[in-house]
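Convert by adding 228 to the 1-based position in the sequence shown; the result is the number in this note's numbering.
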Amino acid sequence: MNLSRKEMLRLIGTGAGAVALGSAATSPAAGSERGGPRDIVRDVVVIGGGAAGTYAAIRLRELGQSVVVVERDGRLGGHTQTYTDPASGSTLDIGVVVWHDQPLVRKWFERFDIPLRKASFGGGVTRYADYRTGREVQGYVPPNPGAALALYGEQLARFPYLEYGFDLPDPVPADLLLPFGDFVRRYGLDDVVPSVVQFGQGLGDLLRQPTLYVMKNFGSDILRNLQTGFLSTERRNNSELYQKALAELGDDVLLNSRVVSTERDGGRYASVRVDTPAGRRTIRAQKVLVTIPPLLGNLGGFDLDGLERQLFGQFRHSAYYTGILRDSGIPDDVSVRNIGLDTPYHVPQLPGVYVISPAGVPGLHNIKFGSPTALSDRAVQDEIRASMRRLRDAGTIPTARTDFATFASHTPFELTVPAAAVRAGFYRRLATLQGRNRTFYSGAAFHTHDSSLIWQFTETLLPRVVAS
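Here you go:
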């Protein structure tokens, strides 16, 4: 058959840019020998097309490196997810909502001609309910966090390196290893906890997490942006960034693809075999950049050595879920925030809903749900339905419909290790993996769940990738 390129892509069910076909897929990396007919030869293969992987791929090409990105989903963007309401045509961000107002972020969006605006929060009426019973907590007023945030900022100033990754001093300061609840009590930071819960959704059992992880997630630049204002996109479509990045990367992205095996320890290249919608391909690359969560279950096809396996096997993770409810019965101007009537600092008990809030489109509400451990989508949705019924039966909301317009799991979320492992040098040993076996690492596990800070970390890593 004589098929056009467009027809070939349609027949294999991928769409433009999804599979490396044609001359771009088989062109060799600069200065390298040509691969076989099914080989993709590049300077760098990037595993994962989320915030870190997409940023790295674009920047590496700007730095003169040839790249190919392997992404298991049918899109780029990772936790950045946007829902388009079919009735109104409105776009609603349900994953990454805001960005830091800093030069690197502005430059990144300007590169793709995406206008930014100052993000707005709040508005309307907030009711506080204990979702375990559904009852509204009458008379509850959240503490004014101003003075506590200032005290918290003084504590953060003791650990400036937390803004840049896990380059921790030896020994690791004991305060960073305290459960966050103990740290709060030690320094009289009670009134800051509700703010940390609100911004640190997805951290799991917040008060039991080592303070290290809470401070990295709710750090100095968060405090600065609380004063100066975060950024969002003018067109209210954060996924536009990744759509434009995909268009630019084109055939250098393999969507709906997964790594089945790697060989990184011999010859002039790492060999990465990938299952794609068009069949199995072999990528030959001088370097590998892994940006997916480095859990053993995610790295099943990798030829991990003993140190990699030993370190990655220590990670545990929390879980986070987001969605949009349609015609829930909650008024369009009402948020229902979950607080514990009898819990320390009124922290919501998890697994559970953090908040149901207006989405900005009539009849639609955002919902955020967290858990210390992973749950099935079905289990989370069932608990949301049960919570809505409890709110209705207690008279907190008039009705309780749970039609999910969209639902997304952001699991695994925060990757952590116990305080004892941090004390014993886990992150010093993790840093030694950079460049080992031709492989580098970026992403949330090497900093925190914050796209702006992940881009900042990745930018500092790229010179090492290029020079290796």
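Yeah, the Cβ is synthetic: ideal placement off N, Cα and C, and Gly gets one too. Since the model is a prediction, treat every value here as computed from it, not as a measurement.
Buried versus exposed, by CB contacts within 10 Å (16 or more), residue 648: By one-based count along the sequence shown, residue 648 stands at place 420. Result: exposed.
Backbone CA spacing between residue 403 and residue 616 [nearest angstrom]: Start at 1 with the first residue of the sequence shown, and residue 403 comes out as number 175. Start at 1 with the first residue of the sequence shown, and residue 616 comes out as number 388. One C-alpha to the other measures close to 39 Å.
Selected residue, minimal CA-CA separation from residue 484, among 306, 293, 396, 680: Your numbering for residue 484 matches position 256 in the sequence shown. That would be 306, whose Cα lies nearest to the Cα of residue 484.
Host beta strand (DSSP E) of residue 391 (start-end): Reading the sequence shown from its first residue, position 163 is the one you call residue 391. In the DSSP assignment, residue 391 falls outside any beta strand (DSSP E) and carries neither an H nor an E.
8 Å contact criterion, which residue 329 and residue 453 should meet: CB distance rounded: Within the sequence shown, numbered from 1, the residue matching residue 329 stands at position 101. Within the sequence shown, numbered from 1, the residue matching residue 453 stands at position 225. Sure, about 6 Å apart at Cβ, within 8 Å.
Chain B contact for residue 441 (CB, 8 Å cutoff): Of the protein chains in this structure there is only one, and it is not chain B.
Residues near residue 440 in its chain [Cβ-Cβ closer than 6 Å; skip 5 each side]: By one-based count along the sequence shown, residue 440 stands at place 212. Answer for residue 440: 404, listed in chain order.
Ranges of the alpha helix (DSSP H) found wholly within the region 435-482, counting only runs of at least 4: 439-445, 448-456, 468-477
Proximity of residue 273 and residue 516 at Cβ, strictly below 8 Å: As a working mapping, residue 273 is identified with position 45 in the sequence shown. As a working mapping, residue 516 is identified with position 288 in the sequence shown. Cβ atoms of residue 273 and residue 516: closer than 8 Å.
Terminal residues of the alpha helix (DSSP H) in which residue 658 lies: Working through the sequence shown from its first residue, we reach residue 658 at position 430. Segment 654-659, the alpha helix (DSSP H) holding residue 658.
Residues that residue 510 bridges to, as DSSP identifies them: As a first step, residue 510 must be located in the sequence shown, where it is residue number 282. In the DSSP output, where bridge partners are listed per residue, residue 510 has 267, 501.
Close beta carbons around residue 501, own chain, < 8 Å, minus the five adjacent residues each side: Taking the sequence shown and counting its residues from 1, one reaches residue 501 at position 273. If you ignore the 5 residues before and after residue 501, its C-beta comes within less than 8 Å of the C-beta of 487, 488, 489, 490, 508, 509, 510, 511, 529, all in its own chain and listed in chain order.
Between the CA atoms of residue 393 and residue 336 - distance to the nearest angstrom: Counting from one through the sequence shown, the residue named residue 336 turns up at place 108. Counting from one through the sequence shown, the residue named residue 393 turns up at place 165. Taking the straight line from one Cα to the other gives about 20 Å.
Cut-off 6 Å between Cβ atoms - residues of its own chain near residue 633, not counting five sequence neighbours on either side: Taking the first residue of the sequence shown as position 1, residue 633 is located at position 405. Correct list, in chain order: 552, 554.
Rounded separation between residue 610 and residue 532 - CA only: Start at 1 with the first residue of the sequence shown, and residue 610 comes out as number 382. Start at 1 with the first residue of the sequence shown, and residue 532 comes out as number 304. Cα to Cα, residue 610 sits roughly 38 Å from residue 532.
For residue 297: DSSP bridge partner residues: Looking up residue 297 in the sequence shown gives position 69. Paired residues: 274, 481.
Reduced DSSP secondary structure (H/G/I, E/B, other) of residue 698: In the structure as shown, the chain begins at 229 and stops at 696. Residue 698 is therefore absent and cannot be evaluated.
Within the region 602-680, ranges of the beta strand (DSSP E) (whole runs, at least 3 residues): Within the region 602-680, the complete beta strand (DSSP E) segments at least 3 residues long are 631-637, 667-669, listed from N- to C-terminus.
Residue range of the unbroken beta strand (DSSP E) whose run includes residue 519: As a first step, residue 519 is located in the sequence shown; it is residue number 291 there, counting from the start. Unbroken run through residue 519: none, as it is neither H nor E.
Three-state class that DSSP yields for residue 546 in the structure shown: One-based indexing of the sequence shown puts residue 546 at position 318. Secondary structure of residue 546 (DSSP, three-state): coil.
Straight-line gap, residue 549 to residue 311 (C-alpha atoms, nearest Å): As a working mapping, residue 549 is identified with position 321 in the sequence shown. As a working mapping, residue 311 is identified with position 83 in the sequence shown. Spanning the two alpha carbons is a distance of roughly 14 Å.
Residues that residue 335 bridges to, as DSSP identifies them: Reading the sequence shown from its first residue, position 107 is the one you call residue 335. Paired residue(s): none; residue 335 is not in a bridge.
Exposure label - residue 468; buried when at least 16 CB within 10 Å: Here residue 468 refers to the residue found at position 240 when the sequence shown is read from its first residue. Buried, by the Cβ-count rule.
Closest Cα partner of residue 574 within the set 521, 397, 419: Translated into the one-based positions of the sequence shown, residue 574 becomes position 346. That would be 419, whose Cα lies nearest to the Cα of residue 574.
Reference residue 628; option with closest CA among 559, 495, 536: Mapped onto the sequence shown, residue 628 falls at position 400. Among 559, 495, 536, the Cα nearest to that of residue 628 belongs to 559.
Candidates 309, 651, 347: closest to residue 327 by CA position: Stepping through the sequence shown from its first residue, residue 327 is reached at position 99. The shortest C-alpha separation from residue 327 is found at 347.
Contacting residues, own chain, Cβ-Cβ under 8 Å from residue 332 (five flanking each side not counted): Within the sequence shown, residue 332 is the residue found at index 104, counting from 1. Once the five neighbours on either side are set aside, the close Cβ partners of residue 332 are 680, 683, 684, 687.
Nonlocal neighbours in the same chain, by C-beta distance under 6 Å from residue 302, ignoring five residues either side: Locating residue 302 in the sequence shown gives position 74, where the first residue counts as 1. Around residue 302: 483, 484.
For residue 597, three-class secondary structure by DSSP: As a first step, residue 597 is located in the sequence shown; it is residue number 369 there, counting from the start. In the structure shown, residue 597 sits in a strand (DSSP, three-state: E or B).
Sequence-distant residues of its chain with Cβ nearer than 6 Å to residue 597 (five each side left out): To locate residue 597, count along the sequence shown from 1; it is residue 369. Around residue 597: 549, 581, 608.
Burial state of residue 570, where buried means 16 or more other Cβ atoms lie within 10 Å: Against the sequence shown, residue 570 aligns to sequence position 342. Flag for residue 570 reads exposed.
7 Å CB neighbourhood of residue 669 in its chain, flanking five on each side removed: On the sequence shown, position 441 is the one that residue 669 refers to. The beta carbon of residue 669 is closer than 7 Å to those of 518, 522, 661, 662 in its chain, skipping five residues each way along the sequence.
Three-way DSSP call (helix, strand, coil) for residue 353 in this model: Position 125 of the sequence shown holds residue 353. Here residue 353 sits in strand by DSSP.
Three-state class that DSSP yields for residue 526 in the structure shown: In the sequence shown, residue 526 corresponds to position 298, counting from 1. Looking at residue 526 - three-state DSSP - the assignment turns out to be helix.
Cut-off 8 Å between Cβ atoms - residues of its own chain near residue 692, not counting five sequence neighbours on either side: Taking the sequence shown and counting its residues from 1, one reaches residue 692 at position 464. Correct list, in chain order: 662, 663, 668.
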